[in-house]
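Visitor: Take a look at the following structure, please.
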Amino acid sequence: MAVYEFKNGQFQHLAASMDDFEGTFRGFEGAVSEFAAQKGMQYHDDVAGVYDLYLRNPEKRVFSRLRDYRWWFRVSDGAFMVDDVLVPDSLPDYLAFMGMLQPLVTRAAELAREVEESTR
1 MAVYEFKNGQ FQHLAASMDD FEGTFRGFEG AVSEFAAQKG MQYHDDVAGV YDLYLRNPEK
61 RVFSRLRDYR WWFRVSDGAF MVDDVLVPDS LPDYLAFMGM LQPLVTRAAE LAREVEESTR
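Be aware that the sequence shown starts at 1, since it is given in the UniProt record's numbering, and climbs by one per residue.
As structure tokens, this is what we get:
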């Protein structure tokens, strides 16, 4: 549920929740992708059970703290909770964070294979 910034290879805690960070998240009743679009971000990619990724939309000019970042990751704990990780406009930071996610992506793929094999 916390919001972190990943910058210069380090995490910094920004807020206890996205609502504390952005102010309108909790009251939003639509999908996260709709909230992101209103804040100038657009859905880009996901790995089921691991993360959803939103990018800053260069065509949207809205005031939002999210727009200070190029990438917004919603990282799942594998069950019910997500933490939000914001990465600024820095390719090295983006690649470093993607590298940190790789073990989670690999484990999700292994679990999917195990489930598929057990249901044959």
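Don't be surprised by glycine CBs; every beta carbon is placed ideally from N, CA and C.
1. Along the chain, where does the alpha helix (DSSP H) that runs through ARG113 open and close?
2. Have a look at the DSSP bridge pairing and note the partners of LEU53.
3. Could you check what DSSP says for PHE28 in three-state terms: helix, strand or coil?
4. Is DSSP giving GLU37 helix, strand or coil here?
5. Does DSSP put PHE80 in a helix, a strand or coil?
6. Could you work out which residue in VAL115, PRO103, PHE35, ASN8 is closest to TYR51 when comparing CA atoms only?
7. Run through DSSP, which three-state label would PHE11 get?
8. Please say whether ASP93 and GLY9 have beta carbons closer to each other than 8 Å?
9. Keeping to the same chain, check which residues put their C-beta closer than 7 Å to that of GLY49; ignore five residues upstream and five downstream.
10. Beta carbon of VAL3, beta carbon of ALA15: below 8 Å?
11. Cutting at 8 Å between CB atoms, please list the residues of its own chain near SER17, excluding the five before and the five after it.
Guide: Put simply:
1. For the purposes of this step, residue 113 is taken as residue 113 along the sequence shown, with counting starting at 1. That run of the alpha helix (DSSP H) goes 91-118.
2. To locate residue 53, count along the sequence shown from 1; it is residue 53. DSSP lists ASP45, PHE73 as partners of LEU53.
3. Within the sequence shown, residue 28 is the residue found at index 28, counting from 1. PHE28 carries a coil assignment under DSSP once its states are collapsed to helix, strand and coil.
4. Stepping through the sequence shown from its first residue, residue 37 is reached at position 37. Here residue 37 turns out to be Ala, not Glu, going by the sequence shown. Helix at ALA37.
5. The count along the sequence shown starts at 1 and reaches residue 80 at position 80. In the displayed model, PHE80 falls within coil according to three-state DSSP, outside both helix and strand.
6. Position 51 of the sequence shown, counted from the first residue, corresponds to residue 51. Per the Cα distances, PRO103.
7. In the sequence shown, the residue the question calls residue 11 occupies position 11. In the structure shown, PHE11 adopts extended strand secondary structure according to DSSP, grouped into three states.
8. Against the sequence shown, residue 9 aligns to sequence position 9. Against the sequence shown, residue 93 aligns to sequence position 93. In this structure, ASP93 lies closer than 8 Å to GLY9 by Cβ.
9. Translated into positions along the sequence shown, residue 49 becomes position 49. The answer, listed in chain order, is SER76, GLY78, ALA108.
10. To locate residue 3, count along the sequence shown from 1; it is residue 3. To locate residue 15, count along the sequence shown from 1; it is residue 15. Against a cut-off of 8 Å, the Cβ pair of ALA15 and VAL3 comes out as a contact.
11. What you label residue 17 is simply residue 17 of the sequence shown in a count that begins at 1. These residues qualify, in order along the chain: MET1, ALA2, VAL3, PHE25, ARG26.
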